[in-house]
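Taking my numbering, the leading residue of the sequence shown gets 68, the next gets one more, and so forth. Beta carbons are placed, not taken as given, at the ideal position from N, Cα and C, and that holds for glycine.
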Amino acid sequence: MAWLKKLVGAVIVLGGAGAVAGWALSAPIRLDAATVAQLRPGDASKGKRIFYAGGCTSCHAKPGSKGDARLELAGGLELKTPFGTFVPPNISQDRKDGIGAWSEEDFANAMLKGVSPSGENFYPAFPYASYARMKPADVADLYAFMKTLPAVAGKAPDHKLSFPFNIRRGIGLWKRLYLSPEPVIALPAGTPDKVLAGRYLVEGAGHCGECHTPRDIAGGAKNAEWLAGAVAAEGSGVVPNITPQGGTKGWSEADIANYLETGFTPDFDSVGGAMVDVQRNMAQLTADDRAAIAAYLKAVPPHPNGYPARKPAS
């Protein structure tokens, strides 16, 4: 039975080595010194544009709030997903319950690396997998704008997640697969600046792919089907295909830009569902920004719908 003891010993050693490797690979990774050096005192007026491009109010405003109250970023909205219920936190300027005590570097690590000031991995329900493509200067501007918003006391409830999704450390392994600052769509040399600007807004701060791209079993975006539409993370609906082969196939760039500004389609239908909040944010951008987004959406590769065909009503 000596061989059996050796086998068991080998399994224990390999298992231990695997655990050590997994622990090392899942460690939160902060920004490198070169990126931190690109941070600077931000411009709040420029940061306001990034704030609305990023749709911060959509998840972090008090549920049901209207008007200026939407700038009270107390969190608390419940996002029910197959992985459990995520609750966006308080990101107001309250120093105890929000992010008022965060430094600019803390904020940049959260946005670009998904790492908290205490060194924990954030869950990617916070769309840092998209924000990772943002320029440090834009993150600094956003931080400056956030500093102008009100402090709101009160912590949002904790996430409600079951094992193994309640183990934050494991998110470090997920990041190694899905977190990259590189653009999703490689555009050819000579691509117009307007399209490049649209790519930056859509793939980065706008994080459109977080909802409009199908996901694999681990919750990572299937970038080979970029913007092809997806089963909604919540409920049984679908998020539409917005590639040139999708629901906006017959729309011109002007049609898309007008929809983002007014909420009306070329057929005079109006925006609905979760897109209401998104369109409200897009309306705060400049006309040039909306035109750039439209130009990019017309330039991305066409794909068939990234979700199963819906069954006809019985």
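Coil, strand or helix - residue i by DSSP
| i | result |
| --- | --- |
| K227 | strand |
| L240 | helix |
| A359 | helix |
| F212 | helix |
| A157 | In the sequence as presented, Ala is not what sits at residue 157; that position holds Asn. In this structure, N157 counts as coil in the three-state DSSP scheme. |
| R162 | coil |
| V182 | strand |
| V251 | coil |
| R137 | helix |
| K129 | coil |
Buried versus exposed, by CB contacts within 10 Å (16 or more), residue i
| i | result |
| --- | --- |
| E249 | exposed |
| A361 | buried |
| T280 | buried |
| L98 | buried |
| L244 | exposed |
| K147 | exposed |
| R116 | buried |
| V219 | buried |
| K163 | exposed |
| F118 | buried |
Residue closest to residue i, alpha-carbon to alpha-carbon, out of the options
| i | options | result |
| --- | --- | --- |
| A223 | M213, S183, I158 and G276 | I158 |
| F193 | G186, K227, L228 and V154 | V154 |
| S185 | Y374, T148 and R236 | R236 |
| E172 | L216, L106 and A341 | L106 |
| G239 | V262, G181 and F335 | G181 |
| A354 | P375, A366, D322 and N372 | D322 |
| A382 | D334, V298 and D344 | The question about residue 382 has no answer, for the chain in this structure spans 68 to 381. |
| P217 | H127, D344 and G313 | H127 |
| V103 | L268, G142 and A175 | A175 |
| V306 | E270, T258 and G339 | G339 |
| D356 | D260, C278 and G304 | D260 |
According to DSSP, residues forming a beta bridge with residue i
| i | result |
| --- | --- |
| L146 | F153 |
| F331 | S337 |
| A297 | V306 |
| N188 | V182 |
| A288 | R282 |
Rounded Cβ spacing between residue i and residue j (contact assumed at less than 8 Å)
| i | j | result |
| --- | --- | --- |
| L294 | C275 | 7 Å |
| K365 | E320 | 6 Å |
| A111 | A211 | 4 Å |
| G122 | V367 | Between V367 and G122 the Cβ distance is about 20 Å, and since that is not below 8 Å, they are no contact. |
| G142 | P156 | 5 Å |
| A272 | A120 | 4 Å |
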